[in-house]
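Peer 1:
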Amino acid sequence: MHIRHPKDFLTGVMFIFFGAAAMAMSVGLNIGTAAKMGPGYFPFVLGALLGVLGAVILLRGVAGASGSHEWPILQVKPLAAVLLSVVLFSQVLLPLGLLLSTVLLVVLSSTASHEFRWKEALVNAAVLVTIILVVFVYFLEFQIPVWPAFVAGRG
Amino acid sequence: MELLANLALGFQTAASPMNLLYCLVGALIGTLIGVLPGIGPVQTIAILLPTTFALPPVSALIMLAGIYYGAQYGGSTTSILVNVPGEASSVVTCLDGHQMARQGRAGAALTIAALGSFVAGCFATLVLAVLAVPLSEVAFKFGPAEYFSLMVFGLIGSVVLASSSLIKAVGMIVLGLLLGMIGTDVTSGAHRFTFGILELSDGIGFVSLAMGLFGICDIINSLEKREKRDILKTKLTGLWLKKADLKLALPAVLRGTLLGSLLGILPGGGAIISSFTAYMIEKKSSRHPESFGKGNICGVAGPESANNAASQTSFVPLLTLGIPPNVVLAMMAGAMMIHGIQPGPRVITSNPALFWGVIVSMWMGNVILVLLNLPLVGIWVRLLSVPYRLLFPAILLFCCIGLYSVNNNTFDIGLTALCGFLGYVFHKLECEPAPLILGFVLGPMMEENLRRCMLLSRGDPTVFFTRPLSLTFLVLAAAMLIVVALPTIRRGRAKAFTE
Chain A
11 MHIRHPKDFL TGVMFIFFGA AAMAMSVGLN IGTAAKMGPG YFPFVLGALL
61 GVLGAVILLR GVAGASGSHE WPILQVKPLA AVLLSVVLFS QVLLPLGLLL
111 STVLLVVLSS TASHEFRWKE ALVNAAVLVT IILVVFVYFL EFQIPVWPAF
161 VAGRG
Chain B
123 MELLANLALG FQTAASPMNL LYCLVGALIG TLIGVLPGIG PVQTIAILLP
173 TTFALPPVSA LIMLAGIYYG AQYGGSTTSI LVNVPGEASS VVTCLDGHQM
223 ARQGRAGAAL TIAALGSFVA GCFATLVLAV LAVPLSEVAF KFGPAEYFSL
273 MVFGLIGSVV LASSSLIKAV GMIVLGLLLG MIGTDVTSGA HRFTFGILEL
323 SDGIGFVSLA MGLFGICDII NSLEKREKRD ILKTKLTGLW LKKADLKLAL
373 PAVLRGTLLG SLLGILPGGG AIISSFTAYM IEKKSSRHPE SFGKGNICGV
423 AGPESANNAA SQTSFVPLLT LGIPPNVVLA MMAGAMMIHG IQPGPRVITS
473 NPALFWGVIV SMWMGNVILV LLNLPLVGIW VRLLSVPYRL LFPAILLFCC
523 IGLYSVNNNT FDIGLTALCG FLGYVFHKLE CEPAPLILGF VLGPMMEENL
573 RRCMLLSRGD PTVFFTRPLS LTFLVLAAAM LIVVALPTIR RGRAKAFTE
């Protein structure tokens with residue numbers, strides 16, 4: 011089988027996956043009847059609709075005439091650096107506090123750029139730490155831990 | 123003269139020192155973020171949503187409206203000065219605006235953009251005020267069947283006009299509707315699709331979804347492009363227009379205003395379509411069509427007025443019917459719901475101060491933009507010279523802190539990263555995220571109306587076709603789908619999109 015439009019093909023796969031997942035999970039929820047709909051009714055119908063749309067898009071991706079023939083190109087570095095830095099921030103914010111978390115977020119995310127330089131990223135982090143301390147902690151009085159838990163004596 | 127009394131009430135609310143301040147702050151930071159390259163109104167609102175949470179609803183909405191215009195204005199500034207449109211609706215402004223800047227007429231271009239937007243804003247506010255009451259009275263006569271069909275019509279309408287691939291866009295709507303189902307089912311109390319995660323029992327946070335799909339995802343995409351921006355080095359001198367320029371541009375402003383006000387009300391209308399249409403009209407009706415694309419001032423004045431008028435009148439369907447006609451208004455709807463206000467015909471009667479206050483503040487926001495932003499253009503330009511590698515970590519940081527502040531928990535931050543990843547996948551597969559957000563916002567309302575309607579009709583689905591108004595909406599929706607799916611029109615549309 012030759013896939014002529016990879017992006018359409020993959021979109022179809024994605025829609026079918028989400029549609030099927032929604033249907034499968036709705037079944038466990040009590041579907042009910044049209045007159046007395048259970049919590050699973052509408053999601054089940056939507057899942058089915060999404061699956062059908064996905065199938066049409068998938069078929070078009072295999073056999074359709076028009077559209078681009080390129081496979082999507084992924085670049086791992088920006089994707090990984092940005093997402094990981096955000097996830098890391100969410101994990102360390104409470105134990106390490108705002109100061110250290112900010113430095114980690116800024117430095118790690120900066121590596122995503124092709125123009126990354128250590129010194130510049132560190133200076134940027136220092137500037138941003140100052141700004142958020144003044145704006146969020148001092149002026150807006152955000153309820154957010156600033157220092158690491160072991161320094162501030164939080165359990 | 124009920125209208126005057128209403129507007130007076132609005133002035134009372136909007137002109138209170140606090141609200142005036144929030145309007146000002148909103149317009150300023152909206153411009154500040156909107157000026158950053160590649161960040162349009164949707165991204166700006168997504169990034170700044172959490173900043174409004176601590177405020178009372180009226181002030182929050184006033185500030186958000188300010189952010190919205192600010193961002194749009196910021197977008198035209200970058201289009202004119204560096205040829206980087208912040209969003210689709212200012213692509214057109216690039217064509218002639220940037221050429222004007224290259225000829226040393228950046229000041230004139232910026233001024234006509236601001237003045238055109240101001241005129242358009244004034245007129246559109248009036249349209250909104252006049253239409254609001256009668257339309258919301260019509261909406262009160264709607265039963266659940268009419269509402270459901272209206273939402274179908276609105277959702278289809280929003281993708282028919284604005285999407286390049288119809289079937290993918292419809293799929294994205296359905297996916298959005300499904301995402302809107304996550305959380306506790308209101309009727310039965312059952313947890314749906316929560317995977318046993320406690321934080322998901324309230325559903326996916328609107329802020330997380332919007333920030334992930336637009337804020338985080340756009341950062342990743344910009345980093346992939348590695349583009350070098352050419353920054354305009356010429357100095358900005360003379361913001362004032364020459365008399366000849368004004369005489370040339372004024373009719374274009376008026377044409378743009380009328381066109382935009384009209385298109386903004388339609389579902390799926392709004393800023394993008396109106397600016398493109400306005401440009402076409404200006405070019406076709408001009409005596410010198412060849413001068414377009416080479417710095418014709420009408421090519422800036424028409425589209426800029428049109429997109430501002432449209433962005434204002436597109437509040438009409440949201441505030442009177444509860445249907446957001448495009449993605450920016452879906453963001454506003456999401457924000458209203460977070461503040462406990464269900465957008466729809468009830469707002470106007472149950473909360474008149476809020477309703478008229480927001481409407482009047484839109485007009486004030488326009489005044490503030492003209493008075494404040496034109497003198498500040500120099501600062502915005504300097505902001506543009508900050509390299510992206512220093513800017514994006516700052517944006518990420520503010521997103522994260524904002525997200526934490528919404529519920530004081532870190533779960534939302536992780537969820538946003540996940541939404542960012544989803545947004546990235548969508549982008550790679552050329553699926554637009556805007557229809558998904560619209561579906562997400564309307565999902566719960568649609569389900570509720572469907573359930574109520576089917577309960578009343580005892581499970582008989584023909585009720586949607588026997589009630590005349592409901593049938594009309596469904597027929598219109600079907601007609602739009604068929605018309606767009608026809609091959610001849612598809613070709614024409616493809617041509618329109620590439621132009």
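Taken in order, these protein sequences are the chains called A and B. Counting in my numbering, the first sequence runs from 11 upward without gaps. Counting in my numbering, the second sequence runs from 123 upward without gaps. Glycine is no exception: its CB is placed at the ideal position from the N, C-alpha and C atoms.
(1) Would you call the stretch 491–501 of chain B in contact with the stretch 221–240 of chain B, where contact means no fewer than 3 C-beta pairs closer than 8 angstroms?
(2) Taking buried to mean at least 16 other C-beta atoms within 10 Å of its own C-beta, is T140 (chain A) buried or exposed?
(3) Would E621 (chain B) pass as an interface residue toward chain A - the criterion being a Cβ-Cβ separation below 8 angstroms?
(4) Check T306 (chain B) in the structure and name its three-state DSSP category.
(5) On the DSSP letters alone, give me the boundaries of the alpha helix (DSSP H) that P446 (chain B) sits inside.
(6) Could you check whether V164 (chain B) and G196 (chain B) sit closer than 8 angstroms to each other, using their CB atoms as the reference points?
(7) May I have the straight-line CA-CA distance separating S383 (chain B) from Q434 (chain B), to the nearest angstrom?
(8) Comparing C-alpha positions only, which one of B:S413, B:L331 and B:A371 sits nearest to Q221 (chain B)?
(9) Examine the Cβ distances between the stretch 436–444 of chain B and the stretch 217–231 of chain B and report whether three or more of them are shorter than 8 angstroms.
(10) What does the alpha-carbon distance come out to for the pair N418 (chain B) and D218 (chain B)?
(11) Quick check: the Cα distance between L104 (chain A) and L519 (chain B), rounded to an integer number of angstroms?
(12) Below 8 angstroms between beta carbons: does that hold for M303 (chain B) and G545 (chain B)?
(13) Report the rounded CA-to-CA distance for N343 (chain B) versus Q101 (chain A), giving the unit in angstroms.
(14) I'd like to know if V296 (chain B) contacts chain A, where contact means its C-beta is closer than 8 angstroms to some C-beta of that chain.
(15) Out of B:G334, B:E569 and B:F477, state which residue places its alpha-carbon closest to the alpha-carbon of L125 (chain B).
(16) For the alpha helix (DSSP H) that contains K46 (chain A), what are its first and last residues?
(17) Where does the unbroken alpha helix (DSSP H) through L20 (chain A) begin, and where does it stop?
(18) I'd like to know whether the C-beta of A162 (chain A) is nearer than 8 angstroms to at least one C-beta of chain B.
(19) Thinking C-alpha only, which one of B:A137, B:V597, B:S407 and B:V450 is nearest L95 (chain B)?
(20) Is K46 (chain A) close to chain B? Criterion is C-beta to C-beta, closer than 8 angstroms.
(21) Return the residues of the stretch 306–335 of chain B that lie within a Cβ-Cβ distance of less than 8 angstroms from chain A, sorted by chain order.
(22) Which residues of chain B have a Cβ atom closer than 9 angstroms to the Cβ of A136 (chain A), listed in chain order?
(23) Where do the N-terminal and C-terminal ends of the alpha helix (DSSP H) with M220 (chain B) fall, by residue?
(24) Counting only C-beta atoms, is L506 (chain B) closer than 8 angstroms to chain A at any point?
(25) Would you say P155 (chain A) reaches chain B, if we count a Cβ-Cβ gap shorter than 8 angstroms as a contact?
(26) Where does M140 (chain B) land, buried or exposed, given buried means 16+ other C-beta within 10 angstroms?
(27) Secondary structure at H79 (chain A), three-state DSSP: helix, strand or coil?
(28) Return the Cβ separation of G327 (chain B) and T316 (chain B) in integer angstroms, given the expectation that the two are a contact with Cβ distance under 8 angstroms.
(29) State the Cα-Cα distance for the pair S527 (chain B) and Q153 (chain A), rounded to the nearest angstrom.
(30) So what does G42 (chain A) bridge to, in DSSP terms?
(31) DSSP three-state call for R589 (chain B): helix, strand or coil?
(32) How about L56 (chain A): is its C-beta nearer than 8 angstroms to some C-beta of chain B?
(33) Using DSSP bridges, identify the partner residues of H313 (chain B).
(34) I think P557 (chain B) touches A291 (chain B), with their Cβ atoms under 8 angstroms apart; what is that distance to the nearest whole Å?
(35) I'd like to check one pair, M47 (chain A) with R348 (chain B): are the Cβ atoms closer than 8 angstroms?
(36) Taking 8 angstroms as the CB-CB cut-off, is E80 (chain A) touching chain B?
Peer 2: Looking at the coordinates:
(1) Short answer: they touch.
(2) Only exposed fits T140 (chain A), as fewer than 16 other CB atoms lie within 10 angstroms of its CB.
(3) Interpretation of E621 (chain B) is limited by its pLDDT of 49, a score under 50 that renders its predicted location unreliable; the figure taken from the coordinates is listed afterwards. No, E621 (chain B) does not count as interfacial toward chain A.
(4) It is a strand residue.
(5) Looking at the DSSP string, P446 (chain B) is not in any alpha helix (DSSP H), and its letter there is neither H nor E.
(6) Taking a C-beta distance under 8 angstroms as the contact criterion, G196 (chain B) and V164 (chain B) do not qualify as a contact pair.
(7) Looking at the two C-alpha atoms, the distance is approximately 8 angstroms.
(8) Distances from the CA of Q221 (chain B) to each of B:S413, B:L331 and B:A371 were compared; the closest alpha carbon is that of B:S413.
(9) These segments do not touch.
(10) Going from the Cα of N418 (chain B) to the Cα of D218 (chain B) covers about 6 angstroms.
(11) Roughly 15 angstroms separates the two Cα atoms.
(12) With respect to the 8 angstroms criterion, M303 (chain B) and G545 (chain B) are not classified as neighbours on the basis of their beta carbons.
(13) Roughly 24 angstroms between the two C-alpha positions.
(14) By this cut-off, V296 (chain B) is an interface position.
(15) Of the listed residues, the one whose Cα sits closest to L125 (chain B) is B:F477.
(16) Per DSSP, K46 (chain A) belongs to no alpha helix (DSSP H) and is neither H nor E.
(17) L20 (chain A) -> alpha helix (DSSP H) spans P16 to V37.
(18) Contacts with chain B at 8 angstroms (Cβ-Cβ) do not include A162 (chain A).
(19) The requested residue 95 (chain B) is not part of the displayed model; chain B covers only 123 to 621.
(20) For K46 (chain A), the closest Cβ of chain B is nearer than 8 angstroms.
(21) So the list reads D307, T309, S310, A312, R314 and F315, given in the order they occur along the chain.
(22) Ordered by position in chain B, no residue passes the 9 angstroms Cβ test against A136 (chain A), which lies about 12 angstroms from the chain.
(23) Here residue 220 (chain B) is His; the residue named in the question, Met, does not match the sequence. For H220 (chain B), the enclosing alpha helix (DSSP H) starts and ends at V213 to R224.
(24) With 8 angstroms as the cut-off, L506 (chain B) does not count as an interface residue toward chain A.
(25) False, the Cβ-Cβ gap to chain B never drops below 8 angstroms.
(26) Under this definition M140 (chain B) is an exposed residue.
(27) Annotated three-state conformation of H79 (chain A) is coil, per DSSP.
(28) At roughly 13 angstroms, the Cβ-Cβ gap does not stay under 8 angstroms, so G327 (chain B) and T316 (chain B) are not in contact.
(29) A straight line joining the alpha-carbon of S527 (chain B) with that of Q153 (chain A) spans about 8 angstroms.
(30) According to DSSP, G42 (chain A) shares a beta bridge with A:M47.
(31) In the structure shown, the three-state DSSP call for R589 (chain B) is coil.
(32) Chain B contact via Cβ: present.
(33) Answer is B:T306.
(34) The C-beta separation of P557 (chain B) from A291 (chain B) comes to about 5 angstroms, placing the pair in contact by the 8 angstroms criterion.
(35) Note that the C-beta distance between R348 (chain B) and M47 (chain A) is not below 8 angstroms.
(36) No, E80 (chain A) lies away from the interface with chain B (no Cβ there is under 8 angstroms from its Cβ).
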